Every structure is written in C-alpha cells, then in structure tokens.
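Residue numbers (our numbering): 21 to 326.
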C-alpha cells in the first residue's frame, strides 16, 4: 500500500513537470536514491531532470504508469542487484541497469577507486619492514585491496542471494532517520586481520532481522551451501554498500592512515568516489552506451551535452 501511494505521488510529480511545458528535448530520469542523482546528474545535459524515487519498486512502478500514458521523455536507472544473475531483467524499454551489482560497485570498479584508496589507506613505507600497511595486507592475501574486500563481502552476498531467492525476510540494514544502520560488520570481521567468521555473520544477520536461530534450519543451510558452490562475478554478486562498509572497517586498524584516523563512515567513502568518478569513467560503461542508443532512437530528447 505504501509503495502504491509513493508511486502515485512520484508519478504526479513527474506529470506536473511534463505538463508545465518543459522544453522540447527535456528528459526525466528516475533513479533510486539521492546519491544516484548526485552521481548521474553530473553527466546529463541541463535539460535533464533527475527524480530520486526512494527505491527501485517506485521507479519501476512510475515508469509503468508513464508508459501507459505514452510519456516518451522518461526513463529510469536502477541497480542491477541480482537481476542478471537470476535472469530477472525488467522487460521495459526505458529502464536501464547499472553495470555490476549496483551503482556503488560501478564506482568501486572504476579508476576513481584507486585515488580514494590511496587517500584513506596507509601507503607509507615502514623503515623496518620496507612495506606499507596496505602492501602488507595485499601480500598476506596475495590479492589487490579491492579483491580482498570483495572476497570478504562474498559470504554476505551469498546470504543476500539466499534471501532474494527464498524470500526469507532478512534485513541487512534498518532506516535511522536520514541514514541507514547496517549489520554490525565488526561482529564477524576482525579489524586487524580481516578474517571473517561466517557463524558470527549469520548471527549478525539474525540480530538485524530480529530472527533468532533463523539459520539453525538445515534446509536453509543446504540452500546456502548450494549458493556458495555457484560461480558468479563478484562485481555482480557483491553489494557495494557491504564492500564500502568493510573498507571502512579495514581502515580502522588494518590499512588506515592519518586521514582515516578514527572511523571513516561509508557515506564519506561514497561521497569521495562520486566526486572522483569522471565522465571518462562513465563513458566506458555498458549503461552509458545503452543510454546513448536510447537517445539516438528517441530524438529530439537529449541526455548528454552535444
């Protein structure tokens, strides 16, 4: 019921914008959140208006109504989530999915990541070891920092996929005024060694979901084990917020420097990534290429500066 009210409210906002007599080539773009508007809005022409919708359900619902009304200058960008993995891509001509799991994974997989990593992580060479804290951790795992973070996030992603498939009703975050309160990552990840405890992870999800002993079900454990055996691109599987929160945790002890003394909120990390993400990064994505095709076949509507 609440989603239906929000869909109708947002649709009416979009309708008022269109009915006010917008310029001939103006385009409305529905996105899931304010941070999506901050990212994608950087690249669009001045004739584009971006509407945050507070979730993909609302964005899809508004687009369906708009298509029924034959609005030609409206499209949506939503997170892929597990849609490509589960073959559940929406069958709408004017909705577009992020490259990888979500917008945050697009940021982390871009050239913007290296600059943000170098800013927050300790890259200073120690006189005794001849290595930085960052290099010590990378050598320990024999992986890049991002690969380390993705592998730590993978068990969380597997539970998310189980939740998505089986409709378990699990929660990984709760709304807290204007921010989100995520599962307690420090309950199952060691801040110094970055070792993950999968049993404690399950307990953290149970606590956030108010579902004590939920994972004591042997059928669920078998389903989870089967998911763990599946092979997926970690950029598609892992939730970007999990990766950023794990990076935030790692900065506290394992790899942090003076710029990250104390706890660095994942929101701050995301803000820095959005700032560092350039048009050149966006232009090499599948999302950008798909939007260019939409623009070319829907003249005179214009998305990008000429």
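Even for Gly, the Cβ is constructed at its ideal location relative to N, Cα and C.
Note that the structure is a prediction, hence the values are computed from the model and not measured.
> DSSP beta-bridge partners for residue 11?
Replying inline: Past the edges of the chain, shown from 21 to 326, lies residue 11, and the structure says nothing about it.
>> Would residue 229 and residue 276 be called neighbours here (beta carbons separated by less than 9 angstroms)?
In response: Sequence index remark: in the chain shown, residue 229 carries index 209 (1-based). Sequence index remark: in the chain shown, residue 276 carries index 256 (1-based). With a cutoff of 9 angstroms on beta-carbon distance, residue 229 and residue 276 are scored as not near each other.
> Unbroken beta strand (DSSP E) runs of length 3 or more, entirely within the region 66 to 131: which are they?
Replying inline: Unbroken beta strand (DSSP E) runs of no fewer than 3 residues, entirely contained in the region 66 to 131, are found at 68 to 72, 94 to 98 and 115 to 117, following chain order.
>> Between residue 181 and residue 102, how many whole angstroms is the CB-CB distance? I'm expecting something under 8 angstroms.
In response: Here residue 181 corresponds to residue number 161 of the chain shown, with the count starting at 1. Here residue 102 corresponds to residue number 82 of the chain shown, with the count starting at 1. Contact holds; Cβ gap of about 6 angstroms.
> residue 328 by DSSP, collapsed to three states: which one?
Replying inline: Because the chain here runs from 21 to 326, residue 328 falls outside it and cannot be looked at.
> Thinking C-beta only, is residue 106 closer than 9 angstroms to residue 184?
Replying inline: Translated into the one-based positions of the chain shown, residue 184 becomes position 164. Translated into the one-based positions of the chain shown, residue 106 becomes position 86. Yes, the Cβ-Cβ distance between residue 184 and residue 106 is below 9 angstroms.
>> Within 10 Å of its beta-carbon, does residue 173 have 16 or more other beta-carbons around it, so buried, or fewer, so exposed?
In response: As a position in the chain shown, residue 173 is number 153, starting the count at 1. Its Cβ being crowded by 16 or more others within 10 Å, residue 173 is buried.
> Just to confirm, are residue 255 and residue 129 a CB contact at a threshold of 9 angstroms?
Replying inline: Position 235 of the chain shown holds residue 255. Position 109 of the chain shown holds residue 129. Contact flag set, yes.
> Under a three-way DSSP split, which group does residue 224 fall into?
Replying inline: Here residue 224 is taken as the residue at index 204 of the chain shown, counted from 1. For residue 224, the secondary structure class from DSSP, reduced to helix, strand or coil, is helix.
>> Using 8 angstroms for Cβ pairs, my map puts residue 26 next to residue 67. What's the rounded Cβ distance?
In response: Mapped onto the chain shown, residue 26 falls at position 6. Mapped onto the chain shown, residue 67 falls at position 47. That pair is no contact at about 26 angstroms.
> In three-state DSSP terms, what is residue 297?
Replying inline: Residue mapping note: residue 297 aligns to position 277 of the chain shown, counting from 1. Reduced to three states, the DSSP call for residue 297 is coil.
> For residue 293, which residues from the same chain have a beta carbon less than 6 angstroms from its beta carbon, with the 5 sequence-adjacent residues on both sides left out?
Replying inline: Mapped onto the chain shown, residue 293 falls at position 273. Taken in chain order, the residues that qualify are 127, 132 and 136.
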